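*Asks:*
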Amino acid sequence: MHNLAYIEDVKGIQSNLHATFDTPQGKEVLKFLESICGWYDFSEKDKDMILIKHGSRQVLATIKSLLKLKPEQVVALAQEEGI
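Last residue of the sequence shown: 271 in my numbering, with the numbers rising by one and none dropped.
1. Would you mind listing the beta strand (DSSP E) stretches within the region 200 to 238 that are 3+ residues and don't spill past its ends, in chain order?
2. Are K219 and E232 close, meaning C-beta to C-beta below 7 angstroms?
3. Which residues mark the beginning and the end of the alpha helix (DSSP H) in which A266 is found?
4. Could you tell me if V263 is buried or exposed, where buried requires 16 or more neighbouring beta carbons within 10 angstroms of its beta carbon?
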């Protein structure tokens, strides 16, 4: 299990995410995840689907943050959030 409060864990997961999503195929997968998670679509009316889409967007936001932030920033956020 990975703990985002430990820099070595963060570096490992970031390395794996970059190896996966920094490729042309990985970029296509991110676009696909954006579409099925409702990343740009907030028109849902059903309360249960709103919650489901919100959860999906949280997972995708975590992936995007791990791809964008420096390891030290991730650790600081994780410690701040108590993750």
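For each residue, glycine too, the CB sits at the ideal point set by N, CA and C.
Note that the structure is predicted; figures quoted are calculated from it, not measured.
*Replies:* So, to answer that:
1. none
2. no
3. P259 to E269
4. buried
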